[in-house]
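Quick notes on the structure that follows.
The following block contains the structure:
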């Protein structure tokens, strides 16, 4: 099968990078050749190596790094790359130009719901197709001037072999010292300002007044980790809040929660953690940011609250904790939605259809 080269200039390891890894693994398991080109010291490269996925180290210092563009071009020729799939601005310029110079088709992913300026949209002209993680992000890309016919909304897919109703959270609860009856509210995300960790901490005292034995679990790391930990101390919430850092056992973490919250305040595409939580049967509260309303229908598959509204977030959390039957019913409805529309298989069938279309034209 043709070789698909994913490129990513990011140094971090968040949802975007994890999606690249999941899709690269899927391609390899379904008869495609796939490889990731990433920064030499990136966490993405380390995680790819740990998972046994093909990864090439290419230093990318910025969009104007001509040397990196040439190195990517040489890599594409040496490996016989058939199609290039780019993911961030820097690698989209570098790998996009390199691929175009070789006559290769280019797919660009847009993972975030941050507005795009007209000038910022120039890089999208290098791509034959743009894949967005949700309809909200698609609207942003089209609004920036990219022709609608070139933009496809394909949300991230859930690996239902890992995330399913049979997953148990008992081991995670035992490890963290939470008894079976302790209500646990979790935020699983890269720790940065846009994810709303501070909103959860503002909501926590109101939740504790209503449900005194509730506990809060913050899973993930990132640039804001120490700041959030400091806010936990300042608010006197050390007894109620546990911060675990990065974990790989996310299915079991989701199953250990009574409620997953994602109170994003700025940018959120179509979240991966929301369908992951629903897939294992965990109720969700999310803010009305980006693509979250595409996944959560208020009162049907979860609860939606305005971004930055700590009282509303606390009220929604308490309502789910006090009425577990209603919470489970919403989670079951969300679970059915995930199985019908948001599996990794469904995502990759649509993605590889774009690959085949472009390869057949090339």
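Residue numbers (our numbering): 654 to 1015.
Ideal Cβ positions, reconstructed from N, Cα and C, are used throughout, including at glycine.
Rounded straight-line distance, which links the Cα of residue j to that of residue i
{"i": "residue 980", "j": "residue 711", "result": "47 Å"}
{"i": "residue 748", "j": "residue 661", "result": "9 Å"}
{"i": "residue 862", "j": "residue 948", "result": "30 Å"}
{"i": "residue 886", "j": "residue 792", "result": "40 Å"}
{"i": "residue 688", "j": "residue 731", "result": "13 Å"}
{"i": "residue 785", "j": "residue 902", "result": "27 Å"}
{"i": "residue 935", "j": "residue 984", "result": "6 Å"}
{"i": "residue 815", "j": "residue 783", "result": "28 Å"}
{"i": "residue 696", "j": "residue 771", "result": "31 Å"}
{"i": "residue 744", "j": "residue 891", "result": "41 Å"}
{"i": "residue 1009", "j": "residue 666", "result": "29 Å"}
{"i": "residue 881", "j": "residue 914", "result": "16 Å"}
{"i": "residue 866", "j": "residue 946", "result": "30 Å"}
{"i": "residue 977", "j": "residue 868", "result": "16 Å"}
{"i": "residue 989", "j": "residue 813", "result": "12 Å"}
{"i": "residue 753", "j": "residue 961", "result": "43 Å"}
{"i": "residue 924", "j": "residue 987", "result": "14 Å"}
{"i": "residue 702", "j": "residue 1003", "result": "27 Å"}
{"i": "residue 959", "j": "residue 940", "result": "5 Å"}
{"i": "residue 709", "j": "residue 686", "result": "14 Å"}
{"i": "residue 830", "j": "residue 878", "result": "22 Å"}
{"i": "residue 852", "j": "residue 724", "result": "44 Å"}
{"i": "residue 951", "j": "residue 728", "result": "48 Å"}
{"i": "residue 698", "j": "residue 991", "result": "29 Å"}
{"i": "residue 733", "j": "residue 773", "result": "30 Å"}
CB contact flag (residue i, residue j, <8 Å)
{"i": "residue 655", "j": "residue 735", "result": "yes"}
{"i": "residue 905", "j": "residue 804", "result": "no"}
{"i": "residue 922", "j": "residue 742", "result": "no"}
{"i": "residue 751", "j": "residue 722", "result": "yes"}
{"i": "residue 859", "j": "residue 893", "result": "no"}
{"i": "residue 926", "j": "residue 973", "result": "no"}
{"i": "residue 817", "j": "residue 933", "result": "yes"}
{"i": "residue 788", "j": "residue 943", "result": "no"}
{"i": "residue 854", "j": "residue 888", "result": "yes"}
{"i": "residue 795", "j": "residue 759", "result": "no"}
{"i": "residue 690", "j": "residue 658", "result": "yes"}
{"i": "residue 1001", "j": "residue 676", "result": "yes"}
{"i": "residue 971", "j": "residue 864", "result": "yes"}
{"i": "residue 900", "j": "residue 870", "result": "no"}
{"i": "residue 746", "j": "residue 716", "result": "yes"}
Buried or exposed (CB count within 10 angstroms, at least 16 for buried), residue i
{"i": "residue 684", "result": "exposed"}
{"i": "residue 775", "result": "exposed"}
{"i": "residue 700", "result": "buried"}
{"i": "residue 663", "result": "buried"}
{"i": "residue 843", "result": "buried"}
{"i": "residue 726", "result": "buried"}
{"i": "residue 833", "result": "exposed"}
{"i": "residue 975", "result": "exposed"}
{"i": "residue 876", "result": "exposed"}
{"i": "residue 993", "result": "exposed"}
{"i": "residue 1006", "result": "exposed"}
{"i": "residue 969", "result": "buried"}
{"i": "residue 873", "result": "buried"}
Of the listed residues the options, nearest to residue i (C-alpha basis)
{"i": "residue 707", "options": "715, 726, 681", "result": "681"}
{"i": "residue 1011", "options": "919, 756, 671", "result": "756"}
{"i": "residue 762", "options": "754, 730, 809, 722", "result": "809"}
{"i": "residue 778", "options": "871, 765, 739, 1004", "result": "739"}
{"i": "residue 909", "options": "841, 925, 961", "result": "841"}
{"i": "residue 929", "options": "731, 663, 668, 752", "result": "668"}
{"i": "residue 823", "options": "704, 990, 729, 907", "result": "907"}
{"i": "residue 911", "options": "899, 982, 881", "result": "982"}
{"i": "residue 769", "options": "987, 790, 754", "result": "790"}
{"i": "residue 806", "options": "828, 764, 829", "result": "764"}
{"i": "residue 828", "options": "990, 744, 897", "result": "897"}
{"i": "residue 672", "options": "1014, 960, 811", "result": "811"}
{"i": "residue 714", "options": "698, 733, 692", "result": "692"}
{"i": "residue 820", "options": "878, 931, 986, 702", "result": "931"}
Touch test, the stretch 827–838 against the stretch 952–969, Cβ-Cβ under 8 Å, three pairs minimum: no
Taking one C-beta from the stretch 980–997 and one from the stretch 961–971 each time, how about it: are there three or more such pairs within less than 8 Å? no
Segment contact, 8 Å Cβ cut-off, at least three pairs: the stretch 847–860 with the stretch 908–923: A contact exists between the stretch 847–860 and the stretch 908–923.
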